[in-house]
Amino acid sequence: MRGIGKRFGSGIAALEAIDLDIGRGEFLSLLGPSGCGKTTLLRIIAGLSEPSTGVRRLALTTERGGQIASGRIGFVFQDPTLMPWNTVLDNVLLPFRITGRVGRAERERVAMEINAVGLAGFERAYPRQLSGGMRMRVSIARALVTDPDLLLLDEPFAALDEITRMALNDDLLRLWDNHRPTVVFVTHSVFESVYLSTRIAVMTRRPGRIVADLPVDLPQPRERTLRTTPSYGAICAAISNQLAAAMVEERSR
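One point on numbering: in the working numbering, the residue at position 160 of the sequence shown is 305, and numbering is uninterrupted.
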């Protein structure tokens, strides 16, 4: 992305002068305060919203098994956005139904992803019968079922309790390690961003600008015990300082 800006019809400027490169296989977190334009930027990356200024380019074509697959994007919203009248199985099957491809291979893929997110045995359950964390697992399975090149997540764990959130952090890292899509993860939690990411982009308040772009040099795969290590604490402190500095800079503009 080069020079990305976004101004809504109401006159509100959401983003300003965003320059950002995201490499294949990265786990990038967009970190910033509520209302700074993180979701708007994610929607522009996905092609769900057009920038007012600047250029966005996607190069998602990869070679898999001798065949070319291009343009595949998975999106996990803050709300699971499940169809309440559909079972877990049918909600995860939805991307294939939309494209008219519901055969044996697709059903096997759905069963595999439901198992991967820990919901085997709940295939016939409806969203109202699931906890918040389980509904989010369904949403993640639905996003992964098409084996996307790019996975976008918009604060998917923000409404969950801390124990469930930490468990889903671990599950997401395991799924990323198995699939290796490029991930862009929106959060306002310093601790979550450091635990999950290979890289963090820090944004200012609206209009959002990227004022720091930092690698997260921690061992892979991540283990929960990492959260208690001095190296994890030091990176969290450094990112917190960058975020605080961004807020001071923004107020002085």
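Ideal Cβ placement from N, Cα and C applies to all residues, glycine included.
Only counting the same chain, and skipping five residues up and downstream in sequence, which positions put a Cβ closer than 6 Å to that of residue i?
| i | result |
| --- | --- |
| residue 298 | 221, 330 |
| residue 212 | Only weak support is given to the placement of residue 212: the predicted model assigns it a pLDDT of 43, under 50, and the question is left unresolved by the model. |
| residue 146 | 163, 165, 201 |
| residue 391 | 347, 349, 356 |
| residue 210 | Bear in mind that a pLDDT of 48 at residue 210, under 50, signals an unreliable position, so the number given afterwards is only what the model happens to contain. Correct list: empty, nothing qualifies. |
Which residue comes first and which comes last in the beta strand (DSSP E) that contains residue i?
| i | result |
| --- | --- |
| residue 360 | 355–360 |
| residue 148 | 147–152 |
| residue 219 | 218–221 |
| residue 348 | 344–348 |
| residue 174 | 172–176 |
| residue 199 | 198–200 |
| residue 332 | 327–332 |
Do you know offhand how far residue i's Cα is from residue j's?
| i | j | result |
| --- | --- | --- |
| residue 333 | residue 368 | 21 Å |
| residue 290 | residue 182 | 28 Å |
| residue 393 | residue 179 | 16 Å |
| residue 169 | residue 349 | 25 Å |
| residue 312 | residue 184 | 23 Å |
| residue 176 | residue 338 | 7 Å |
| residue 152 | residue 264 | 41 Å |
| residue 279 | residue 360 | 31 Å |
| residue 201 | residue 160 | 14 Å |
| residue 223 | residue 375 | 31 Å |
| residue 301 | residue 314 | 10 Å |
| residue 303 | residue 225 | 12 Å |
| residue 270 | residue 250 | 22 Å |
| residue 385 | residue 187 | 22 Å |
| residue 373 | residue 276 | 28 Å |
| residue 189 | residue 203 | 11 Å |
| residue 267 | residue 171 | 32 Å |
| residue 352 | residue 252 | 44 Å |
| residue 258 | residue 323 | 11 Å |
| residue 325 | residue 158 | 34 Å |
| residue 389 | residue 232 | 44 Å |
Just to confirm the assignment, what range does the alpha helix (DSSP H) spanning residue i have?
| i | result |
| --- | --- |
| residue 312 | 307–324 |
| residue 185 | 183–191 |
| residue 160 | Element bounds for residue 160: not the alpha helix (DSSP H) but the beta strand (DSSP E), 158–163. |
| residue 341 | 335–341 |
Going by beta carbon distance, what residues of the same chain come within less than 7 Å of residue i, once the five residues before and after it are set aside?
| i | result |
| --- | --- |
| residue 162 | 148, 150, 354 |
| residue 191 | 218, 220, 297 |
| residue 236 | 227, 228, 283, 287 |
| residue 262 | 282, 285, 286, 316 |
| residue 167 | 173, 327, 329 |
| residue 255 | 234, 237, 238, 290 |
| residue 336 | 381 |
| residue 273 | 229 |
Once you ignore the five residues that flank residue i on each side, which residues in its own chain have a CB closer than 8 Å to its CB?
| i | result |
| --- | --- |
| residue 217 | 205, 291, 292, 293, 294, 295 |
| residue 371 | 340, 363, 364, 377 |
| residue 156 | none |
| residue 230 | 271 |
| residue 387 | 347, 356, 357, 359 |
Does the beta-carbon of residue i, which I'm using as the reference point, lie nearer than 7 Å to any heavy atom of the ligand ADP?
| i | result |
| --- | --- |
| residue 241 | In the structure shown, the ligand ADP is absent, as is every other ligand, since no ligand is present at all. |
Taking 8 Å as the CB-CB limit, is residue i close to chain C?
| i | result |
| --- | --- |
| residue 164 | No chain C is part of this structure, which consists of one protein chain only. |
Q. Touch check for the segment 242–249 and the segment 303–312: three-plus C-beta pairs under 8 Å?
A. No, the segment 242–249 is not in contact with the segment 303–312.
Q. At a cut of 8 Å, does the segment 312–324 reach the segment 226–245 through at least three beta carbon pairs?
A. When C-beta atoms of the segment 312–324 are compared with those of the segment 226–245, fewer than three pairs fall below 8 Å, so the two segments do not count as touching.
(Q) My parser needs the beta strand (DSSP E) runs of 3 or more residues fully inside the segment 237–309; what are they? (A) Listed in chain order, the complete beta strand (DSSP E) runs (minimum 3 residues) inside the segment 237–309 are 295–299.
(Q) Taking 8 Å as the cut-off, does the segment 379–387 touch the segment 332–349 (at least 3 CB pairs, one atom from each stretch)? (A) Contact between the segment 332–349 and the segment 379–387 is present: three or more C-beta pairs spanning the two stretches fall below 8 Å.
Q: Could you tell me whether the segment 359–366 touches the segment 193–206, where touching means 3 or more Cβ pairs closer than 8 Å?
A: When Cβ pairs closer than 8 Å are counted between the two stretches, the segment 359–366 is seen not to touch the segment 193–206, the count staying below three.
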